[in-house]
Amino acid sequence: MAGRERWQRDGGRAAGGSAVSAAGHRRAGRRGVRLLAFARRARHRTVAEGARSARAATRLAGHRARLAGHLRLTSAKAFNHPPSAALTAVPKAADRVNYMGNAIEVTDDTFESTIADNKLVLVDFWAPWCGPCRMVAPVLEEIADEHGDKVTIAKVNTDENQAVASKHGIMSIPTMMLFKDGEKIDQMVGALPKPQIMAKLEPHF
Numbered sequence: 001m002a003g004r005e006r007w008q009r010d011g012g013r014a015a016g017g018s019a020v021s022a023a024g025h026r027r028a029g030r031r032g033v034r035l036l037a038f039a040r041r042a043r044h045r046t047v048a049e050g051a052r053s054a055r056a057a058t059r060l061a062g063h064r065a066r067l068a069g070h071l072r073l074t075s076a077k078a079f080n081h082p083p084s085a086a087l088t089a090v091p092k093a094a095d096r097v098n099y100m101g102n103a104i105e106v107t108d109d110t111f112e113s114t115i116a117d118n119k120l121v122l123v124d125f126w127a128p129w130c131g132p133c134r135m136v137a138p139v140l141e142e143i144a145d146e147h148g149d150k151v152t153i154a155k156v157n158t159d160e161n162q163a164v165a166s167k168h169g170i171m172s173i174p175t176m177m178l179f180k181d182g183e184k185i186d187q188m189v190g191a192l193p194k195p196q197i198m199a200k201l202e203p204h205f
């Protein structure tokens with residue numbers, strides 16, 4: 001009788017221990033599931049944040065590229081375009097005389113008669129604001145001094161005489177046109193050095 005009671009008591013404790021052990025396993029399993037779910041959510045958040053960061057970096061790079069292009073374009077316009085004051089400024093009479101030197105000034109009204117009345121005429125299309133025009137001016141004045149008996153140096157201010165400039169298709173200045181007996185025979189564009197200009201003139205002296 002005492003042995004049976006001891007067996008039942010020991011068996012009950014063993015059963016109770018098994019029940020406790022099973023409950024512990026279930027709780028541990030639930031904790032593991034929760035930890036796994038948390039880890040997955042954290043990984044998804046990390047991936048999403050990385051994608052957002054990559055998109056933001058791409059947008060920023062695009063903005064920087066557009067800004068750099070705008071700055072380059074603005075700088076190019078500022079460099080190539082003369083100041084507005086220079087476009088509207090009218091040279092003083094003294095400046096005009098110095099610029100013309102021994103050359104003659106030609107207008108819309110006198111252009112045709114000038115090239116018709118002179119055997120050989122080199123016409124310089126220029127403007128007061130044009131830097132290269134000012135560079136070539138002393139060269140033309142020197143040619144006028146040295147060879148005035150062989151060639152007439154004539155200057156057309158394209159700002160004041162747009163009709164003749166348009167008629168002859170002047171797209172950039174300085175442009176020099178060579179006329180012989182009233183007919184155009186050659187053309188030069190840019191601030192050319194004296195030897196290059198003389199190479200065009202001398203065959204017709």
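Residue numbers (the UniProt record's numbering): 1 to 205. Ideal placement from N, C-alpha and C gives every residue a C-beta, glycine not left out.
Residue environment, residue i, which counts as buried when at least 16 other CB atoms sit within 10 Å
i      : result
Asp124 : buried
Thr158 : buried
Val136 : buried
Ala37  : exposed
Phe79  : Note that Phe79 scores 44 on pLDDT, short of 50, meaning its location in the model is unreliable and no value can be drawn from it.
Own chain residues within Cβ distance below 8 Å of residue i, not counting five before or after
i      : result
Asn102 : Glu141, Ala144, Asp145, Gly148, Ile153
Gly62  : none
Lys194 : Val139, Glu142, Ile143
Thr58  : none
Close Cβ partners of residue i (< 6 Å) along its chain, the five nearest in sequence each way excluded
i           : result
residue 211 : Outside the shown range of the chain, which is 1 to 205, sits residue 211, and nothing can be said about it.
Ile197      : none
Asp95       : For Asp95, the predicted model reports a pLDDT of 42, less than 50, meaning its position is unreliable; a value from the coordinates is still stated below. Hits under 6 Å: none found.
Ala39       : none
Pro91       : Residue confidence for Pro91 is low, a pLDDT of 48 falling below 50, so the modelled location carries little weight; the figure read from the coordinates is stated next. So the qualifying residues of the chain are Pro128.
Cys130      : Ile173
Residue-level contact to chain C via CB, residue i, 9 Å cutoff
i      : result
Gln187 : Of the protein chains in the structure, only one exists, and it is not chain C.
Residue i vs residue j beta-carbon contact at 9 Å
i      : j      : result
Ile173 : Ala127 : yes
Ala163 : Asp108 : yes
Ile115 : Phe179 : yes
Val139 : Leu192 : yes
Val121 : Val151 : yes
Val156 : Phe111 : yes
Pro132 : Gly190 : yes
Own chain residues within Cβ distance below 7 Å of residue i, not counting five before or after
i      : result
Ser166 : none
Asn161 : Thr107, Asp108
Asp181 : Lys119
Arg134 : none
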